[in-house]
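A.B. asks:
There are 2 protein chains.
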Amino acid sequence: MLMASYTEENYLKLIYALSARQPAGVTTNALAERTNTRAASVSDMLRKLAEKGLVHYQKYQGVTLTDEGHRQALQIVRRHRLWEVFLVEKLGFGWDEVHDMAEELEHIRADKLTDRLAIFLGNPQFDPHGDPIPTPSGELPATGYQPLCDATMGEPVRVMGVLHHSPAFLQHLAKTGLTLGCVVKICEISAFDGSVALSIGEQPAIFVSYEVARNVLVG
Amino acid sequence: MLMASYTEENYLKLIYALSARQPAGVTTNALAERTNTRAASVSDMLRKLAEKGLVHYQKYQGVTLTDEGHRQALQIVRRHRLWEVFLVEKLGFGWDEVHDMAEELEHIRADKLTDRLAIFLGNPQFDPHGDPIPTPSGELPATGYQPLCDATMGEPVRVMGVLHHSPAFLQHLAKTGLTLGCVVKICEISAFDGSVALSIGEQPAIFVSYEVARNVLVG
DNA sequence: GCTGAAATTTAGATTTGTCTAAATTTATGT
DNA sequence: ACATAAATTTAGACAAATCTAAATTTCAGC
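Here the protein sequences line up with chains A and B, keeping their order. Sequential numbering from 157 applies to the first sequence in my numbering. Sequential numbering from 157 applies to the second sequence in my numbering.
1) Against chain A, which members of the stretch 237-256 of chain B pass a CB distance test of less than 9 angstroms?
2) Nearest chain B C-beta to L296 of chain A closer than 8 angstroms, yes or no?
3) For the stretch 235-254 of chain A against the stretch 269-277 of chain B, are there 3 or more C-beta pairs whose distance is under 8 angstroms?
4) Can you give, in chain order, each stretch of the beta strand (DSSP E) that sits fully within the stretch 209-267 of chain B and has at least 3 residues?
5) For G218 of chain B and P179 of chain B, what's the separation of their Cα atoms in angstroms?
6) So, does the CB of E344 of chain A fall closer than 8 angstroms to a CB anywhere in chain B?
7) On the CB-based measure, 16 or more other CB atoms within 10 Å of its CB, does V339 of chain A come out buried or exposed?
8) Alpha carbon to alpha carbon, what distance is there between H226 of chain B and S175 of chain B?
9) Beta carbons nearer than 9 angstroms to chain B: which residues of the stretch 164-189 of chain A have them?
10) Let me check one thing: in DSSP terms, what residues is P288 of chain B bridge-paired to?
11) Under the three-state reduction of DSSP, which class applies to S199 of chain B: helix, strand or coil?
12) Determine the closest residue to R265 of chain A out of A:E295, A:P288, A:A229 and A:A298, with distance taken between C-alpha atoms.
13) Have a look at B:Y216, B:G248 and B:V374 and flag the residue whose alpha-carbon is nearest the alpha-carbon of T308 of chain B.
14) Considering just the uninterrupted stretch of the alpha helix (DSSP H) at L373 of chain B, what are its terminal residues?
15) What does the alpha-carbon distance come out to for the pair V182 of chain A and T220 of chain A?
16) Kindly list the residues whose CB is nearer than 7 angstroms to the CB of F249 of chain B, restricted to its own chain and excluding five residues on each side of it in sequence; keep chain order.
17) Name the two residues that bound the continuous beta strand (DSSP E) containing F325 of chain B.
18) Using the three-state DSSP reduction, which class does F459 of chain B fall into: helix, strand or coil?
19) What are the residues of the stretch 267-294 of chain B that lie near chain A, defined by any Cβ-Cβ distance shorter than 7 angstroms?
20) Please name the residue in B:G317, B:E311, B:Q327 and B:I232 whose C-alpha comes closest to that of L170 of chain B.
21) Quick one: does L336 of chain A have its CB under 8 angstroms from some CB of chain B?
22) Could you tell me which chain B residues have their CB closer than 7 angstroms to the CB of E260 of chain A, listed as they occur along the chain?
23) Do you know how far the Cα of H263 of chain A is from the Cα of E165 of chain A?
24) If you compare alpha carbons, which of B:G350, B:G209, B:A195 and B:L304 is closest to T335 of chain B?
25) Using DSSP's beta-bridge definition, name the partner residues of E311 of chain B.
26) Provide the residue(s) that pair with Q302 of chain A in DSSP beta bridges, ordered along the chain.
27) Tell me whether A173 of chain B is buried or exposed, calling it buried when 16 or more other Cβ atoms sit within 10 Å of its Cβ.
28) If I measure Cβ to Cβ from G389 of chain B and keep anything under 8 angstroms in the same chain, skipping five residues before and after, which residues do I get?
29) Output the boundary residues of the beta strand (DSSP E) element that contains E344 of chain B.
30) Express the C-alpha separation of M316 of chain B and L247 of chain B in angstroms, rounding to a whole number.
What follows is the structure, encoded as structure tokens:
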């Protein structure tokens with residue numbers, strides 16, 4: 157009754173991720189879109205996950221994780237983020253290349269493997285995208301980071317993470333020079349289109365779209 | 157038409173492994189025993205693999221790999237053995253603990269991952285059990301090793317590998333002191349039960365069963 | 001060469017995760 | 001409030017990988 161299949165794990169992880177934006181309950185359509193399946197398939201799966209006690213599910217009312225579902229989701233997230241560290245730090249991949257590989261590696265459940273991997277990596281607290289890595293017992297270091305677009309104008313802040321992990325977004329960041337750890341300052345937010353004028357370190361100011369500023373975390 | 161499923165990969169790998177002992181064709185029952193499934197299920201799968209062009213299959217006559225099947229099997233074996241090196245060399249596992257984890261890791265197909273892993277590990281030629289690691293292009297370093305039981309009496313030889321990978325066997329070896337790389341000499345083969353008297357390095361002679369001697373490779 | 005045993009395959013069913021199409025429930029606009 | 005649009009669920013089907021039970025083929029002993 158307790159062990160989730162590969163597919164079920166992907167649902168748990170996705171419900172966890174979308175819960176941040178939809179705390180009252182993740183919708184069927186939102187899940188269908190992100191899993192590249194149809195809403196009908198999602199309904200079936202939610203019923204099954206509810207039977208297993210991994211989600212709270214009321215028909216037509218969206219879904220949230222149970223305590224057990226939340227615990228399992230955090231384990232998956234922990235494995236995903238540890239493998240991302242491995243791929244970047246040890247194998248030399250770029251942070252824009254590792255998501256799909258980590259997506260497969262995360263499903264290997266052997267706790268001994270995960271724990272030794274964490275030790276091998278020096279028990280990192282954050283993955284290459286700045287996301288916190290849950291501890292073995294499921295605690296998630298709180299970050300208190302905020303989106304770059306909400307930072308105080310003129311105040312220097314450090315880039316600590318991203319909200320999007322798509323290769324396209326990460327490569328775009330690389331081109332603008334916005335790398336993890338660099339210090340930036342908002343110079344101006346355009347009244348015309350919301351574009352954000354930034355200075356990165358001592359460089360002259362550049363413009364990034366509001367969409368970019370909304371998906372970069374600073375602290 | 158070309159990509160094999162997780163389960164199909166396990167069949168290919170197994171057919172490859174059993175082909176060494178049954179070059180004329182691996183039997184359905186042999187596969188059923190090793191996959192923990194029934195002969196009927198194996199029949200179904202062999203028909204499917206034949207349709208995909210991965211095996212030569214004549215009803216009632218056993219199965220062999222096609223060139224493409226052989227190529228894919230070697231890729232899987234390469235990944236399996238590279239991950240075993242990683243688990244032992246980098247994460248500090250014993251050689252008796254790594255098989256099941258490698259069994260899952262081997263199914264991650266990303267070539268970039270496999271190639272970078274090989275580089276990270278220093279392009280090893282042999283896994284922790286002494287088995288040769290196929291190259292990216294599918295060449296398998298020939299070893300010319302022979303079972304310990306066939307070694308010339310009184311002649312010192314070096315332990316280079318094992319034919320069995322079960323934790324029970326490997327832990328038994330550890331207890332007798334037969335480790336990879338150690339130098340041994342056959343002192344006597346018992347006429348009573350085939351037990352083999354060995355001296356390991358400068359230590360006084362010990363007895364191991366014929367079954368042990370048959371599954372240790374020396375060269 | 002026959003005959004029974006062993007090995008193998010076929011037939012039909014089951015489970016998992018998906019689909020399409022139809023039915024149902026909730027939300028929206030006036 | 002009420003019609004209709006949007007979201008969601010149900011119904012029925014399918015492919016993958018397995019099973020049991022029955023049928024078939026091969027093999028071994030004589």
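Every residue, glycine too, gets a C-beta built ideally from N, C-alpha and C. Small disclaimer: the values here were computed from a predicted structure and weren't measured.
C.D. replies: Judging by the given coordinates:
1) Under the 9 angstroms Cβ criterion, the stretch 237-256 of chain B contributes L243, K246, L247, G248, F249, E253 and D256.
2) Start at 1 with the first residue of the first sequence, and residue 296 of chain A comes out as number 140. Cβ-Cβ to chain B under 8 angstroms: no for L296 of chain A.
3) Because the criterion of three Cβ pairs below 8 angstroms is met, the stretch 235-254 of chain A and the stretch 269-277 of chain B touch.
4) Correct list: 211-213 and 219-221.
5) Here residue 218 of chain B corresponds to residue number 62 of the second sequence, with the count starting at 1. Here residue 179 of chain B corresponds to residue number 23 of the second sequence, with the count starting at 1. Each residue's alpha carbon lies about 10 angstroms from the other.
6) For the purposes of this step, residue 344 of chain A is taken as residue 188 along the first sequence, with counting starting at 1. With respect to chain B, the C-beta atom of E344 of chain A has no partner C-beta closer than 8 angstroms.
7) Here residue 339 of chain A refers to the residue found at position 183 when the first sequence is read from its first residue. Result: exposed.
8) In the second sequence, the residue the question calls residue 175 of chain B occupies position 19. In the second sequence, the residue the question calls residue 226 of chain B occupies position 70. Looking at the two C-alpha atoms, the distance is approximately 10 angstroms.
9) Of all residues in the stretch 164-189 of chain A, none is placed with a Cβ closer than 9 angstroms to any Cβ belonging to chain B.
10) Taking the first residue of the second sequence as position 1, residue 288 of chain B is located at position 132. In the DSSP output, where bridge partners are listed per residue, P288 of chain B has B:F282.
11) On the second sequence, residue 199 of chain B is found 43 positions in, with the first residue counted as 1. Correct three-state label for S199 of chain B: helix.
12) Translated into the one-based positions of the first sequence, residue 265 of chain A becomes position 109. Of the listed residues, the one whose Cα sits closest to R265 of chain A is A:A229.
13) As a first step, residue 308 of chain B is located in the second sequence; it is residue number 152 there, counting from the start. Per the Cα distances, B:V374.
14) If you number the second sequence from 1, residue 373 of chain B lands on position 217. Under the DSSP assignment, L373 of chain B falls outside any alpha helix (DSSP H), being part of the beta strand (DSSP E) whose first and last residues are V372 to V374.
15) Taking the first residue of the first sequence as position 1, residue 182 of chain A is located at position 26. Taking the first residue of the first sequence as position 1, residue 220 of chain A is located at position 64. If you draw a straight line from the Cα of V182 of chain A to the Cα of T220 of chain A, it comes to about 6 angstroms.
16) Here residue 249 of chain B refers to the residue found at position 93 when the second sequence is read from its first residue. Same-chain partners within the cutoff: L243.
17) Working through the second sequence from its first residue, we reach residue 325 of chain B at position 169. First-last for F325 of chain B: P323 to T332, but that is the alpha helix (DSSP H), not the beta strand (DSSP E).
18) No information on residue 459 of chain B is available, as it lies outside the stretch 157 to 375 that chain B covers here.
19) Interface annotation for the stretch 267-294 of chain B against chain A: L269, R272, L273 and F276, criterion Cβ-Cβ distance under 7 angstroms.
20) Locating residue 170 of chain B in the second sequence gives position 14, counting from the first residue. Comparing Cα-Cα distances from L170 of chain B to each of B:G317, B:E311, B:Q327 and B:I232, the minimum goes to B:I232.
21) Looking up residue 336 of chain A in the first sequence gives position 180. Taking Cβ atoms only, chain B never reaches closer than 8 angstroms to L336 of chain A, which makes this a no.
22) Mapped onto the first sequence, residue 260 of chain A falls at position 104. Within chain B, the residues near E260 of chain A are I264.
23) The residue you call residue 165 of chain A lines up with position 9 of the first sequence. The residue you call residue 263 of chain A lines up with position 107 of the first sequence. Their Cα atoms are separated by approximately 8 angstroms.
24) Reading the second sequence from its first residue, position 179 is the one you call residue 335 of chain B. Nearest C-alpha to T335 of chain B: B:L304.
25) The residue labelled residue 311 of chain B in the question sits at position 155 within the second sequence. E311 of chain B pairs with nothing; no bridge assigned.
26) Here residue 302 of chain A refers to the residue found at position 146 when the first sequence is read from its first residue. Bridge pairing for Q302 of chain A: A:V374 [DSSP].
27) Position 17 of the second sequence, counted from the first residue, corresponds to residue 173 of chain B. A173 of chain B comes out exposed.
28) Outside the shown range of chain B (157 to 375) lies residue 389 of chain B, about which nothing can therefore be said.
29) By 1-based counting over the second sequence, the position of residue 344 of chain B is 188. Going by DSSP, E344 of chain B is part of the beta strand (DSSP E) stretching over V339 to I345.
30) Working through the second sequence from its first residue, we reach residue 247 of chain B at position 91. Working through the second sequence from its first residue, we reach residue 316 of chain B at position 160. If I take the Cα positions, the gap works out to 22 angstroms.
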